[in-house]
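The structure appears right after this line, and notes come after that.
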Amino acid sequence: MTHMQPLDETFPIGRQLAVKAAPVVLVNLFTLDPADEARFLEVWKDDADFMKRQPGFISTQLHRALGDNPTYLNYAIWESTETFQAAFSHPDFRAAITAYPSSAVARPHLFQKVGVAGICTA
Numbered sequence: 059m060t061h062m063q064p065l066d067e068t069f070p071i072g073r074q075l076a077v078k079a080a081p082v083v084l085v086n087l088f089t090l091d092p093a094d095e096a097r098f099l100e101v102w103k104d105d106a107d108f109m110k111r112q113p114g115f116i117s118t119q120l121h122r123a124l125g126d127n128p129t130y131l132n133y134a135i136w137e138s139t140e141t142f143q144a145a146f147s148h149p150d151f152r153a154a155i156t157a158y159p160s161s162a163v164a165r166p167h168l169f170q171k172v173g174v175a176g177i178c179t180a
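Quick note on this note's numbering: the sequence shown kicks off at 59 and runs consecutively.
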């Protein structure tokens, strides 16, 4: 089972879900034991397949940190906090996360794009 810890202890994912925003980007930082890496990737793939079929899902990408210890960063784009919350709280997803290796720690956080004049758009 994946253990969840807040990326920001003052504003954990449960509080973020109460904020109506659209679109949103989920950033999830995973750490785990090297021996569990293959299992983690299998379970993450299954979760991603499930999420791709959910209303409001736009895209996802998984990144592995450089180095010997497996640290992964996943980002997923959703139409809104409401669509993400529906998928995140779906009973099938909640049951599926129990398949993650016990060493896996997830640190999810929701973000919104920010526009900076001359650099990027919101």
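For every residue, glycine included, the Cβ atom is placed at its ideal position computed from N, Cα and C.
- Query: Of the choices F69, A145, L168 and Y130, whose alpha-carbon is the least far from that of D105?
  - Reply: Answer by Cα proximity: A145.
- Task: Locate the beta strand (DSSP E) running through Q119, then write down its first and last residues.
- Result: Looking at the DSSP string, the run of the beta strand (DSSP E) that includes Q119 is F115 to R122.
- How many angstroms separate the CA atom of A80 from the CA atom of F115? Those two C-alpha atoms are separated by around 12 Å.
- Query: Whole-angstrom Cβ separation of V85 and F169, contact assumed at under 8 Å?
  - Reply: About 6 Å separates the beta carbons of V85 and F169, which is inside the 8 Å limit, making them a contact pair.
- Contact check, Q63 vs V163, beta carbons under 8 Å: The criterion of a C-beta distance shorter than 8 Å is satisfied by Q63 and V163.
- Message: Quick test of your reading: V172 and Y133, contact by CB under 8 Å. State the CB separation rounded to the nearest angstrom.
- Response: Contact between V172 and Y133 is ruled out by a C-beta separation of about 15 Å, above the 8 Å threshold.
- Message: Quick check: M128 and L87, are their CB atoms within less than 8 Å of each other?
- Response: The amino acid at residue 128 is misidentified as Met; the sequence shows Pro. No.
- Message: At the level of alpha carbons, what is the spacing between Q143 and F69?
- Response: Cα-Cα distance, rounded: 16 Å.
- Mapping DSSP to helix, strand and coil, what is I177? The three-state reading of DSSP puts I177 in coil, since its state is none of H, G, I, E or B.
- Per DSSP, R165 forms a beta bridge with which residues? L87.
- Bridge partners of T129, per DSSP? Paired residues: T89.
- Task: Just the C-alpha distance for T139 and A93, rounded to the nearest angstrom, thanks.
- Result: Put simply, the backbone Cα of T139 is about 34 Å away from that of A93.
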